[in-house]
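Reading through the structure tokens given below for one structure.
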Amino acid sequence: ILAQASSIQDQFLADLLKDSPVPIRVFRNQASEVMAASDLLVVKSGTSTLQAAVVGTPMILFYRASSWLTYRLARLLIRVPWIGLANLVAGRGIVPELIHDEATPERLVQETERLLGDPRAYEEMKAALLTVRQALGTPGASRRAAEAVLAECRA
Numbered sequence: 049i050l051a052q053a054s055s056i057q058d059q060f061l062a063d064l065l066k067d068s069p070v071p072i073r074v075f076r077n078q079a080s081e082v083m084a085a086s087d088l089l090v091v092k093s094g095t096s097t098l099q100a101a102v103v104g105t106p107m108i109l110f111y112r113a114s115s116w117l118t119y120r121l122a123r124l125l126i127r128v129p130w131i132g133l134a135n136l137v138a139g140r141g142i143v144p145e146l147i148h149d150e151a152t153p154e155r156l157v158q159e160t161e162r163l164l165g166d167p168r169a170y171e172e173m174k175a176a177l178l179t180v181r182q183a184l185g186t187p188g189a190s191r192r193a194a195e196a197v198l199a200e201c202r203a
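With the working numbering, the residue at position 3 of the sequence shown is 51, and numbering never jumps.
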């Protein structure tokens with residue numbers, strides 16, 4: 049199954065998937081539901097890794113830069129050990145990151161087999177994702193922040 053982001057045009061996705069050797073069921077604007085119903089996710093870098101962490105479904109981050117030059121420049125300018133928000137919030141590599149040259153079908157299969165074939169590794173990732181969710185706090189952060197700002201303004 050595939051969760052279609054609202055920014056992806058229907059026709060673009062249909063053209064991309066038309067020659068797929070396996071049937072792919074697409075769900076539009078239902079990412080959280082798709083994530084919750086899945087055993088393992090393959091996600092792109094971005095807020096989707098944080099969304100998946102909140103849902104609690106183990107994942108593999110898979111991202112290929114548009115060009116080798118773009119990737120190399122980004123690595124020179126950005127000095128963080130991970131690019132996935134779940135890993136950055138956790139402060140450690142809890143989600144495998146297959147970036148650019150490592151973003152190959154072979155590596156994806158290898159990581160998928162490792163996680164689905166090793167119940168301990170799978171449960172460890174679920175537990176680590178729970179710590180990310182807890183670090184983000186309870187829902188309503190925007191409201192609490194606004195209330196804190198108002199309280200300061202009134203003081």
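Virtual Cβ for every residue (Gly too), placed ideally from N, Cα, C. Here the structure is a predicted model, which is why all the values come from computation and not from measurement.
First and last residue of the uninterrupted beta strand (DSSP E) at residue i
| i | result |
| --- | --- |
| Gln52 | 50–52 |
| Leu88 | No beta strand (DSSP E) contains Leu88, which DSSP labels as neither H nor E. |
| Glu145 | 145–147 |
| Arg181 | No beta strand (DSSP E) contains Arg181, which is instead part of the alpha helix (DSSP H) from 167–184. |
Neighbourhood of residue i by C-beta distance below 8 Å, restricted to the same chain and skipping five residues each side
| i | result |
| --- | --- |
| Leu164 | Asp87, Leu88, Tyr170 |
Short Cβ contact (9 Å threshold) for residue i with residue j
| i | j | result |
| --- | --- | --- |
| Ile56 | Leu65 | no |
| Val70 | Gln52 | no |
| Arg49 | Ala85 | According to the sequence displayed, residue 49 carries Ile and not Arg. Yes, the Cβ-Cβ distance between Ile49 and Ala85 is below 9 Å. |
| Leu184 | Val102 | yes |
| Asp58 | Arg76 | yes |
Nonlocal neighbours in the same chain, by C-beta distance under 7 Å from residue i, ignoring five residues either side
| i | result |
| --- | --- |
| Gly132 | Ser93, Thr97, Leu109, Val143, Glu145 |
| Ala151 | Phe110, Tyr111, Arg112 |
Top-ranked residue by Cα proximity to residue i, from the options
| i | options | result |
| --- | --- | --- |
| Asp149 | Asp166, Thr179, Tyr111, Glu159 | Tyr111 |
| Glu81 | Phe60, Pro106, Ala100 | Ala100 |
| Val90 | Pro187, Phe60, Thr160, Val197 | Thr160 |
| Ala176 | Pro129, Glu195, Ala196, Arg140 | Arg140 |
| Asp166 | Leu61, Gln78, Pro106 | Pro106 |
Strand pairing of residue i, partner residues [DSSP]
| i | result |
| --- | --- |
| Met107 | Leu89 |
| Arg76 | Gln52 |
Beta-carbon proximity list for residue i, same chain, < 6 Å, skipping 5 on both sides
| i | result |
| --- | --- |
| Val180 | Ala101, Ala134, Val137, Ala138 |
| Arg202 | none |
Alpha helix (DSSP H) segment containing residue i, residue limits
| i | result |
| --- | --- |
| Val137 | 133–138 |
| Gln59 | 58–65 |
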